[in-house]
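Student:
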Amino acid sequence: MFSKAIVRKPSRSFENGITSVDLGKPIYKNAIIQHRNYIDTLKACGLEIIELPPLEDFPDSTFVEDPALVFENFAVITRPGAESRKGEILFIKPIVEEHFQEVYEVKSPGTLEGGDILRVENHVFIGMSERTNESGADQLLEILKTNQMSGEKVELHEILHLKTGCSYLGDGNILVSPALFDFKGFHSLNKILVDKNEEYAANSLRINNFVIIPDGFPKIKEELDKMGYFVKTIDVSEFRKMDGGLSCLSLRF
Ligand code: CIR
């Protein structure tokens, strides 16, 4: 069960962040409204929200999932692979240290972003994206071992981060986009294939008794409803314009 989430309000500079999609510029006013709804939805799932102020110098800093990893008893300050995001760690570290006694840090030349980290029970899959390198992944594997957890690397193609294409829902169920469907590491899990046209919904969130998915993806919603999940949908279209999904907007613990 999760009880808390860290989020960071989008900055006015949000539209200057990194993106690979061609969906137009985000509208700041709408991003603020959507972010507020996101917070309200997390609260409705039972979470206490720790809301951090916007960082104008870091347009992507609302995507708090990338500069830190949080587990039950320890946390890791990452080292983002995107140059413009490296400085975000200075601003997330003090908050993480307030909540965790054991805090590790990924050191140079390692790079690693939280979006590449998928936890499945006590095992962690590490996406080898353009943002996460061998050294970053090896450092995390050591940290996991020290904490009686295991991990493995996943070669990535086509997608920005590992979790752009999959989400673990608990109970052995994993949402996967076609890009990751054949990945052997997921063989023991029940894979729920997200239709090519609904790929964006592969990044969803299981929070306590609920699954939150983005608005506008009826097929996957129907499938999850049928499986008996309590599904909530929210509009995060302004964040999608900047390559962000539901998981990127919070650190849950
Ligand atoms: C970036 O490219 O870094 C941001 N515009 C989007 C980050 C999305 N984060 C995530 O998937 N964890």
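Residue numbers for the sequence shown follow the working numbering, so the first one is 21 and each next one is one higher. C-beta: ideal position from N, C-alpha, C; glycine also.
#1: Straight-line CA distance for residue 40 to residue 101?
#2: Would you tell me roughly how many angstroms separate the C-alpha atoms of residue 164 and residue 170, rounded to the nearest one?
#3: Looking at the ligand CIR, does it come within less than 7 Å of residue 156, judged from the CB to the closest heavy atom?
#4: In terms of alpha-carbon separation, which member of 157, 94, 46, 193 lies closest to residue 127?
#5: Quick one: is the Cβ of residue 38 within less than 7 Å of any heavy atom of the ligand CIR?
#6: Would you mind working out which of 188, 199, 249, 26 sits nearest residue 86, comparing C-alpha positions?
#7: Using the Cβ count rule (16 or more neighbours within 10 Å means buried), how would you classify residue 248?
#8: Taking just the CA atoms, how far does residue 45 sit from residue 35?
#9: Please check the pair residue 29 and residue 73, which I expect to be a contact at CB under 8 Å, by giving their CB distance rounded to whole angstroms.
#10: Taking 7 Å as the line, does the beta carbon of residue 184 fall inside it for any heavy atom of the ligand CIR?
#11: Please classify residue 39: does DSSP put it in a helix, a strand, or coil?
#12: Assuming residue 90 is part of the beta strand (DSSP E), what are its boundary residues?
#13: What did DSSP end up calling residue 265 once you bin it into helix, strand or coil?
Tutor: Walking through what the data contain:
#1: Take the alpha-carbon of residue 40 and the one of residue 101: they are about 15 Å apart.
#2: C-alpha of residue 164 to C-alpha of residue 170: approximately 6 Å in a straight line.
#3: No - the ligand CIR has no heavy atom lying nearer than 7 Å to the Cβ of residue 156.
#4: Distance from the Cα of residue 127 is smallest, within the candidate group 157, 94, 46, 193, for 157.
#5: In this structure, residue 38 has its beta carbon less than 7 Å from a heavy atom of the ligand CIR.
#6: Among 188, 199, 249, 26, the Cα nearest to that of residue 86 belongs to 26.
#7: That one is exposed.
#8: Those two C-alpha atoms are separated by around 6 Å.
#9: Contact holds; Cβ gap of about 6 Å.
#10: For residue 184, the shortest separation between its Cβ and any heavy atom of the ligand CIR lies below 7 Å.
#11: Note: residue 39 maps to coil in three-state DSSP.
#12: The continuous beta strand (DSSP E) containing residue 90 extends over residues 88-90.
#13: Here residue 265 sits in coil by DSSP.
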